[in-house]
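Heads up: the sequence shown begins at 79 in my numbering, then just goes up one per residue. C-beta atoms are modelled at their ideal positions from N, C-alpha and C, and glycine is treated no differently. Scroll down for the structure; my scribbles are underneath it.
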Amino acid sequence: MGRERNTYDQAISRVIASKFGPEGKPKLYIIAVEDAEITPDYLNPLIAKYEQDFSLRNVHVELIDREEGKTNNSDPKSVYDTIKKFCEELEKQYDIQEYDELWMIIDTDDYNNRKRAISEILEKCNKNPIYKLCISNPCFEVWLILHFFDLETSLKDCIPENKLKPILQGNISENTTLKDYIKNSGIKGRPQTCKKLWKMIRQSNMIRQNKKLPYEQLIEYIPQAISRAKILGECNPNDPDYPEHKIGTEIYKLLEKLTQLTQMSTNLDS
Numbered sequence: 079m080g081r082e083r084n085t086y087d088q089a090i091s092r093v094i095a096s097k098f099g100p101e102g103k104p105k106l107y108i109i110a111v112e113d114a115e116i117t118p119d120y121l122n123p124l125i126a127k128y129e130q131d132f133s134l135r136n137v138h139v140e141l142i143d144r145e146e147g148k149t150n151n152s153d154p155k156s157v158y159d160t161i162k163k164f165c166e167e168l169e170k171q172y173d174i175q176e177y178d179e180l181w182m183i184i185d186t187d188d189y190n191n192r193k194r195a196i197s198e199i200l201e202k203c204n205k206n207p208i209y210k211l212c213i214s215n216p217c218f219e220v221w222l223i224l225h226f227f228d229l230e231t232s233l234k235d236c237i238p239e240n241k242l243k244p245i246l247q248g249n250i251s252e253n254t255t256l257k258d259y260i261k262n263s264g265i266k267g268r269p270q271t272c273k274k275l276w277k278m279i280r281q282s283n284m285i286r287q288n289k290k291l292p293y294e295q296l297i298e299y300i301p302q303a304i305s306r307a308k309i310l311g312e313c314n315p316n317d318p319d320y321p322e323h324k325i326g327t328e329i330y331k332l333l334e335k336l337t338q339l340t341q342m343s344t345n346l347d348s
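Structure representation (structure tokens):
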């Protein structure tokens, strides 16, 4: 649920300034996301669960809420504008340091309509390293899928049989990998394909575990997701095969940093 931008920015800025003082020197991780529902539903439980761990490391993690009443701000430029405006408000009360990190999480989606905006944000990140960018191609759901399966897993090994048959058509067989199934959907169809796959995988795990699967329960699988995402590699729009032949997500870059600040870091090191 979004909120009125200026009031929200001022309120959170006051919290940070009062917590650390105008000259306090914690490390800030400020995060702005494109998706107003699934991504916050995933990140907020993680931030809440490890808030004490972050504080012990003198770290503050803030996920910026979306602006209320804005239905057209789900695009890369709006994500950049959101984090920029927040930081402008924060700097009225607190000195942002060069070691702080401003993270933007965006999707490739229909790349032809986003190519210019993504390129401009990448350029801003290159000019000012305080800005960090996580791109998912085609969308955030790729990251969610990686909590349970790598993308070389066949459809038959991750989709229940009763859900599998309806999607087997054309050159798609039960042995088709998740990656190839996503690729075969075409650039414009890939986001919906990933959302559909994630829904089936999530439901399958709910049935297998005989319980609901809130996003909080995905936290324990983050180390596996990080490892699988690293294998897929970076989503670099400057690569000649991007986005046609590059399915992946860079969420691991942020999540690896955050989890290394928590008790979960032992899982990553083992």
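What number of angstroms, rounded off, separates the C-alpha of residue i from the C-alpha of residue j?
i	j	result
Gln247	Gly267	15 Å
Val220	Phe227	10 Å
Asn191	Leu134	43 Å
Thr160	Ala110	7 Å
Ala95	Asp173	9 Å
Asn204	Asp187	22 Å
Gly264	Tyr189	11 Å
Gln175	Phe98	13 Å
Glu328	Ser156	19 Å
Asn314	Ile304	18 Å
Asn316	Ile237	34 Å
Leu256	Asn84	42 Å
Residue j and residue i - do their beta-carbons sit closer together than 8 Å?
i	j	result
Asn215	Pro318	no
Ile325	Lys234	no
Leu296	His225	yes
Glu252	Ser232	yes
Asp87	Phe164	yes
Pro123	Glu298	no
Thr340	Asp131	yes
Ile116	Pro154	no
Ile245	Ile279	no
Ile300	Leu333	yes
Report the partner residues of residue i according to the DSSP bridge assignment.
i	result
Cys212	Ile183
Leu141	Ile109
Gly326	Asn215
Starting from residue i, trace the alpha helix (DSSP H) both ways and give me its first and last residue.
i	result
Leu78	Because the chain is modelled from 79 through 348, residue 78 falls outside the range shown and cannot be assessed.
Leu242	239-242
Thr160	154-168
Lys234	Lys234 -> no alpha helix (DSSP H), and no H or E assigned at all.
Gln302	300-310
Tyr259	256-261
query: Is there contact here, the segment 205-223 with the segment 170-183, by at least three beta-carbon pairs under 8 Å?
result: yes
task: Specify whether the segment 194-203 and the segment 305-313 touch according to this definition: at least 3 beta carbon pairs, one from each stretch, less than 8 Å apart.
output: Fewer than three Cβ pairs drawn from the segment 194-203 and the segment 305-313 lie within less than 8 Å of each other, which leaves the two stretches out of contact.
query: Can at least three beta-carbon pairs, one atom from the segment 104-113 and one from the segment 121-139, be found at a separation below 8 Å?
result: yes
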